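In this note's numbering, the protein residues as written are 6 to 302.
Note that CB positions come from ideal geometry on N, CA and C, so glycine has one too.
Here the structure is a predicted model, which means the values were calculated and not measured.
The next block holds one structure in the form of structure tokens; read it before the comments.
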Ligand SMILES: C[S@@+](CC[C@H](N)C(=O)[O-])C[C@H]1O[C@@H](n2cnc3c(N)ncnc32)[C@H](O)[C@@H]1O
């Protein structure tokens, strides 16, 4: 692409948008599923993702969609025109929030809007395998990336959070002393010891998730100005028959780490647990929520 860099960026963006539609794969929750035409091993019911578009058709359709979006009301005709109102600088930070947040100055942000990983065993390095392959990420880098992510897969090893940042002593104590979390972790551990979990990494993942999220919440409180909100979307989860109220636990962490709870907004379509869990333990709707916390003045 010997183009003007901004145009090259747009073309790359269009390409990333169509990557899945031109591939033999489909994102499917925790996995990237292989279509039967890929020649890869299939389960009992071979997977057919439907039409696989030729690359030219897919990328042209995507570019046309982008052009039509840009021509809709309220969007300036010239994509590269200077904005009509002054905007703040946009800075993208590449890396883990556990590394980046501690580098940001205290009391400088007016709002945080976030969709962190859910505690649901999704492995984003698998879901985004196509995009990562396109970016040239090697197998070794993939393993490192998986470990750096917020723990939400059974493959995550424990992170030495105190060594990463001494100040997280506060957050770790909040997580450690949370009565409901303690009960859940003790229950999962006993289920593991009795060989009743379908994966022995589940207690470590759940523990890692909450301890890491406590550190993230402590950092959010530090970087926000007084009264500034955090808006977070997240799902509750269920393991070994026990529903884990991620919304209540994280909101109580937030209250102990400098926030007031403004609202936990429950999204309308409550969904069930995984089919495996449903078969074993019956259907229990799991809340999907948006939490709103305000930094205490
Ligand atoms: C629930 S998804 C949200 C996706 C997002 N809303 C989007 O549309 O791309 C959680 C995202 O958090 C990212 N993530 C996981 N661990 C992270 C970390 N330590 N730092 C920053 N992002 C992380 C995952 O890669 C994933 O893209």
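Excluding the five sequence neighbours on either side, which residues of its own chain have a C-beta within less than 7 Å of the C-beta of residue i, listed in chain order?
i, result
"residue 269", "252, 256, 294, 296"
"residue 24", "135, 136, 139"
"residue 159", "126, 204, 206, 207, 210"
"residue 167", "173, 174, 177"
"residue 216", "166, 177, 180"
"residue 41", "47, 51, 52, 53"
"residue 163", "209, 213"
"residue 238", "120, 295"
"residue 157", "122, 123, 124, 125, 126, 127, 210, 214"
If I measure Cβ to Cβ from residue i and keep anything under 6 Å in the same chain, skipping five residues before and after, which residues do I get?
i, result
"residue 236", "118, 297"
"residue 6", "Any answer about residue 6 is weak, because its pLDDT of 49 lies below 50 and its placement is not dependable; what the coordinates show is given next. Contacts found: 13."
"residue 219", "176, 179, 180, 258"
"residue 58", "26, 27"
"residue 261", "179"
"residue 275", "Per-residue confidence for residue 275 stands at a pLDDT of 48, beneath the threshold of 50, marking its modelled position as unreliable; the derived number appears in the next sentence. Closer than 6 Å at the Cβ level, and outside the excluded window around residue 275, lie 290."
"residue 231", "300, 302"
"residue 71", "none"
Report yes if the C-beta of residue i is less than 7 Å from at least one heavy atom of ligand 1; otherwise report no.
i, result
"residue 97", "no"
"residue 120", "yes"
"residue 102", "yes"
"residue 155", "yes"
"residue 129", "yes"
"residue 36", "no"
"residue 123", "yes"
Just checking my contact of residue i with residue j at CB under 8 Å: how many whole Å lie between their CB atoms?
i, j, result
"residue 212", "residue 177", "About 11 Å; that fails the 8 Å criterion."
"residue 121", "residue 155", "6 Å"
"residue 153", "residue 73", "Not quite, the Cβ-Cβ distance comes to about 38 Å (not below 8 Å), so this is no contact."
"residue 19", "residue 67", "5 Å"
"residue 106", "residue 221", "7 Å"
"residue 37", "residue 132", "6 Å"
"residue 130", "residue 147", "5 Å"
Can you say whether residue i is buried or exposed, counting buried as having 16 or more other CB atoms within 10 angstroms of its CB?
i, result
"residue 128", "buried"
"residue 124", "buried"
"residue 64", "buried"
"residue 99", "exposed"
"residue 224", "buried"
"residue 201", "exposed"
"residue 229", "buried"
"residue 113", "exposed"
"residue 254", "buried"
"residue 271", "exposed"
"residue 17", "exposed"
"residue 110", "exposed"
"residue 61", "exposed"
"residue 185", "exposed"
"residue 11", "exposed"
"residue 9", "exposed"
"residue 171", "exposed"
"residue 45", "exposed"
"residue 193", "buried"
"residue 76", "exposed"
"residue 227", "buried"
So, for residue i: in the same chain, excluding its five sequence neighbours on each side, which residues have a beta-carbon less than 8 Å away from its beta-carbon?
i, result
"residue 96", "none"
"residue 234", "116, 117, 267, 297, 298, 299, 300"
"residue 43", "29, 30"
"residue 241", "248, 249, 250, 251, 252, 291, 292, 293, 294"
"residue 197", "205, 207, 208"
"residue 21", "136, 139"
"residue 142", "150"
Quiz item: Which runs of the beta strand (DSSP E) fall wholly inside the stretch 33-98 and span at least 3 residues, in chain order?
Solution: 36-39
Exercise. Kindly provide the ranges of any alpha helix (DSSP H) runs that are 4 or more residues long and lie completely inside the stretch 187-244, ordered along the chain.
Key: For the stretch 187-244, whole alpha helix (DSSP H) runs of length 4 or above, ordered along the chain, are 207-228.
Quiz prompt | Segments of 3+ residues assigned as beta strand (DSSP E) that fall wholly inside the stretch 107-193 | solution = 117-119
Self-check item: Segments of 4+ residues assigned as alpha helix (DSSP H) that fall wholly inside the stretch 246-277
Solution: 251-261
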